[in-house]
Amino acid sequence: MFFSINAQAQGPGSLFVDAGPDLEFDCGSAPECFDITATFLETFETNSSNYSVNSIAYNPPFPFDGLANSLNPDIDDAWSIVETLPFDFCFFQNIETEFQVGSNGVIRFDVDPGDTSNGWSFSEDLPNNSNPTLGEANVFTPGHDIDPSQSVSEEIGYEVLGEFPNRVLVVSYFEVPMFSGACNPLLATQMVVFYEFSNVIEIYMQDKPSCPSWNSGNATLGIQNNDGDIAFVPPGRNTSDSPWTANDEAWQIAPAGNPTYDFAWLDAGGNVIGTTATLEVCPVDDITTYTARVTYTNCNGDEVVLTDDLVVTLTNTYTVDIGESRELCDEKNLELTAQLNGADPADATFLWNTGETTQTIIVSTTGDYSVTVDVDGCIEMASATLVFNESPDFDLGPDIATCFDEIIMLDATPSNYDPAEVTYVWSLDGDVLPSETTNTLVVTEIGTYSVTVTFENCSATDSVNVDPRDDLEVSLGDDFKSCVQEPKVLVAETSETGVTYQWFLNGDLIEGEDQATLNFSIDADATGIQIYSVVITKGDCTGEDSVDVELYDVGNCVVSQGLSPNGDGFNDSMDLEFLSDRAGGISQFRIYNRHGIEVFTAVNYVNEWFGQDENGNELPTGTYFYVIDLMEADPVYGMQATGWVYLNKDAN
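With the working numbering applied, the sequence shown covers 423 to 1074.
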C-alpha cells in the first residue's frame, strides 16, 4: 500500500521530515548560493536481526498513568489476555500483530493465551530460552519481580495513540511495589513505547529501585527474539549487572539493518535535484520552493511518503504596480505606467511583454500585459489583464404614434455584438418588465418604453414614447340644405386605409351603414336641422366629422304658384334657393305679364323677385309667366322650368 502524507512526529521514533525554516533575503544582499539541510528519521529493516542500542534523553512522550486499557489489576505474576495491535510491528524477522503484558515488567509477541502465569525467578543473562521466566518474554522494560497486588493506586496499562503512520503502542507500569514485604515500599515506574513503521522501541525508567533481599535484586533490560538466542541489552543493564537501579533513564533500541527510507530534494516542478540531506541551492526567482521528500517502506510492504517545504524568498526593497486587471468601457486607449515604490525610475530598466522599454506604454487592445523591472539586479514583475469593451450600439427609433392596427415591435439588437452575448432589461413607464429578456419587444399598450442593453461592464439605454394617433381625419364636406324626401349622398373622404365606418343621425347610430358613403333623404315629418356624422375607426384610433343638413324654406321644394309679398315673412318672394342649389345655379330668371311682355329679369337668381318690375316698381295683382334657365339639368325640371305664378298684392 502507498500513502503520501505530510505527517508530524508523535515521538522520537516517529516518522518525520523537516526541510528547515523558510529563508528570506533582501535582494542585492542575498548569497548567490548556499546550503539547505533537511532532518528526518532514518529507518532500517529488521530482517537482519540487528538492532542498535542507544541512550537517549529522558523525556517521556506520554504519561505513565491514566492509559486507556488497565491490565492485571492487583494480580501478581500474571500475563494479560492476548491483545491485538492495530498496526503491524516488525520485530526481528517477524510481523507482530498481537501482544501480552506480564505483571513483572515484560511484554511478549509470541503470545500464549493458555499461559497466564508470568515467572519471576531468574539469574541468567539475556538472551536466554532455558529459564521460562526469561524465555517466555520478548521485551524487558526492565523485567524484575514487582507485585501489583500490594497497592491500590498502582497502574499497569496500555494505549494505542496517534494516527497512521505514526501510531504507537504505549505500555506503562506506574508505582508498582517491589516484591516482598521489606521491599513493598519501593515503587517502580517504567514505560515502553513501540513505534509504527520505524519499529523503534523506547524504554523510559522514572524509578527503578532494587530489592537485593529478594531474588538477589535481579533485573534485566532489553529485547530478545522468540528463539531466545539473540538479545540486545544496554550496557550495565543485564542480569549479571544486578543489583542495579535507575532514575530518569531512557534507552532506544532501533532496527539496524539496511535502510528502509529514500530521501530526495525536489524543485517546484517535482523534479529530483538532490538525494543528500544537505544541498547547495542557487535560487534566482523571487520565491523558490524546495521540497524534502522521504519515502519509507515497512517490512509488510507498506510505503509512506512524507514531504516538507522550504521556501526561499528574495525580497526586493521596492515594488512595482501597473494596477489591477480591469474591464474598460468605451475607451479607445489606456496609458499603463509601471509605478515604482521605493526605487527611482531613473535607476530602473523596463521591459514590457509588448517589447517596449519605457516606463509608460499606450495600449488599445484586449490582452495580458506585464512588465519586468530591473533595479540594480533586483527583478520585480507586475501584470494585469485589460479588456476593452464598447457599449452596445442600437437604436429603438423615433417616437411612435399608433392605432395598434398592426404589430409594433421594438428592436434593441446591437450592431456591434451577437444578440445572444448581451442582456436586456426592458421597462414600461419606469417599471421593469421581468419576463422580457430578449432583443425584441412587442408593444401592446401606450407608454414610454426603455431598454438597457449590457455587455460585460458596458451598458447603453434608449427609450421611445408610444402614443395614440390623434390625426385620423375624415371629411363630409360643408353643411347644406335639402328638400324633404330628396335623395342625398354623403361621402366620408379620408386618406386612411383599412378603416371602418359608423354613421349617426342626430347622435343615433344608423344601423347597417358601414360604408364610406351614405344614401339618405330627410323624412317629410322632420323638423329643424338634421345632423349627420361619421366615425372612422383604425385600431384604437378614431376620427369624426359631421354636417348640418337644413331643410329649405320652400315646402316640398317646388316652384311656388302664388306670391303674397306683404312683408309677413311668408311667401313674400319667389324663393328658388332649392333649385339653384340643385341645378348648380340659375343662369337667368324672367317674368312675363299676361300680355307676354317681360317685366322682370335676373341672372344667378336665388330669391330676388317679390313682385316688382325691372325698375323696382310693384306689379299689380295678377297672373304672370316665369321662365327659369338652369346651369345644369335638374332631375325634375331639366334645363328650363316654366309656369304660371299668381301675384296677390291684396293679401294682408
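For glycine and all other residues, C-beta sits at the position ideal for the given N, C-alpha and C. Since we're looking at a predicted model, the values are computed, not measured.
- Annotation: Asp817 to Asn775 spans about 40 Å, alpha carbon to alpha carbon.
- By the CB criterion at 7 Å, Asp537 and Asn637 fall outside the cutoff.
- Thr794 sits away from Asp448, with the two beta carbons spaced by 7 Å or more.
- A straight line joining the alpha-carbon of Asp893 with that of Tyr954 spans about 21 Å.
- Taking 7 Å as the cut-off, the beta carbon of Val561 is found no closer than this to the beta carbon of Ile497.
- With distances taken between CA atoms, Ile625 lies nearest to Ser477 out of Leu832, Ser477 and Phe438.
- Per the coordinates, the alpha-carbon of Thr759 lies some 30 Å from the alpha-carbon of Ala882.
- Where Asp1003 is concerned, the enclosing alpha helix (DSSP H) starts and stops at Glu999 to Arg1004.
- For Leu732, the enclosing beta strand (DSSP E) begins and ends at Glu725 to Thr737.
- In the three-state DSSP reduction, Glu843 falls in the helix class (H, G or I).
- With 16 or more other Cβ atoms inside 10 Å of its own Cβ, Thr661 counts as buried.
- With a cut-off of 8 Å on Cβ pairs, the region 463 to 473 is not in contact with the region 497 to 506, counting fewer than three such pairs.
- For the pair Gly965 and Val896, the CB atoms are nearer than the 7 Å cut-off.
- Look at Ser602 here: in three-state DSSP terms it is coil, with no helix or strand label.
- About 7 Å separates the beta carbons of Tyr1048 and Arg1012, which is inside the 8 Å limit, making them a contact pair.
- For Gly1060, the enclosing beta strand (DSSP E) starts and ends at Gly1060 to Leu1069.
- The beta carbon of Ser1009 is closer than 6 Å to those of Asp1051 and Met1053 in its chain, skipping five residues each way along the sequence.
- In this structure, Thr555 and Trp542 form a Cβ contact; the two beta carbons are roughly 6 Å apart against a cut-off of 8 Å.
- Counting along the chain, the unbroken alpha helix (DSSP H) around Pro554 starts and ends at Pro554 to Gly557.
- Counting C-beta pairs closer than 8 Å gives fewer than three between the region 744 to 763 and the region 725 to 736, which falls short of the contact rule.
- Under the DSSP assignment, Cys751 falls in the beta strand (DSSP E) whose first and last residues are Arg748 to Cys751.
- The C-beta distance from Phe616 to Phe514 rounds to 13 Å, too long to meet the 8 Å contact threshold.
- Around the beta-carbon of Trp687, 16 or more other beta-carbon atoms lie within 10 Å, marking it buried.
- The C-alpha of Glu576 is placed about 50 Å away from the C-alpha of Thr697.
- A check of alpha carbon separations from Asp790 across Asp766, Ala672, Val847 and Phe810 identifies Phe810 as the nearest.
- Across the set Ser943, Gly984 and Asn621, the C-alpha of Gly984 shows the shortest separation from the C-alpha of Gly1044.
- By the CB criterion at 7 Å, Pro814 and Val875 fall inside the cutoff.
- The C-beta distance from Val504 to Val533 rounds to 5 Å, short enough to fall under 8 Å.
- The Cβ neighbour count for Ile783, taken over all protein chains shown within 10 Å, is at least 16; the residue is labelled buried.
- By the Cβ neighbour-count rule, Glu1020 is exposed, with fewer than 16 other Cβ atoms within 10 Å of its own.
- Taking a C-beta distance under 7 Å as the contact criterion, Asp901 and Val957 do not qualify as a contact pair.
- Within the DSSP secondary-structure output, Gly1033 pairs in no beta bridge.
- With 16 or more other Cβ atoms inside 10 Å of its own Cβ, Cys721 counts as buried.
- For the beta strand (DSSP E) assignment, the uninterrupted runs of no fewer than 3 residues enclosed by the region 794 to 871 are, from N- to C-terminal side, 800 to 811, 822 to 824, 830 to 833, 845 to 850 and 862 to 865.
- Spanning the alpha carbons of Ile652 and Leu643 requires a straight line of approximately 14 Å.
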